[in-house]
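Reading through the structure tokens given below for one structure.
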Amino acid sequence: MEKRNRKSSLHNNAKASQAKGLDVEYSSELADQNDLEAQARAQAADRRQKKGRR
Numbered sequence: 041m042e043k044r045n046r047k048s049s050l051h052n053n054a055k056a057s058q059a060k061g062l063d064v065e066y067s068s069e070l071a072d073q074n075d076l077e078a079q080a081r082a083q084a085a086d087r088r089q090k091k092g093r094r
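The opening position of the sequence shown corresponds to residue 41 in the working numbering, with each subsequent residue numbered one higher.
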């Protein structure tokens with residue numbers, strides 16, 4: 041893992057640990073690439089979950 045990605049990963053982990061157990065408001069205006077990818081993964085997981093309930 042290159043240095044920049046590692047630093048970014050550590051930063052994102054720090055942000056996530058701060059938000060544990062708290063409601064966090066999502067702002068698409070402030071979203072970075074990692075936020076957009078996480079949102080896409082969450083939507084895909086929601087679709088799989090709904091599909092399994094039928």
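Backbone N, C-alpha and C fix where the C-beta goes; we use that ideal spot for every residue, glycine too. All figures in this text were calculated on a predicted structure; none of them were measured in a lab.
So, is the C-beta of residue i closer than 8 Å to a C-beta in chain B?
| i | result |
| --- | --- |
| A82 | The chain labelled as chain B is not found in the depicted structure, where only one protein chain is given. |
For the alpha helix (DSSP H) containing residue i, list its first residue and its last residue.
| i | result |
| --- | --- |
| L76 | Q73 to R93 |
Which value, in whole angstroms, describes the spacing of the CA atoms of residue i and residue j?
| i | j | result |
| --- | --- | --- |
| A78 | D86 | 12 Å |
| S68 | L76 | 8 Å |
| L62 | K90 | 25 Å |
| G92 | L70 | 33 Å |
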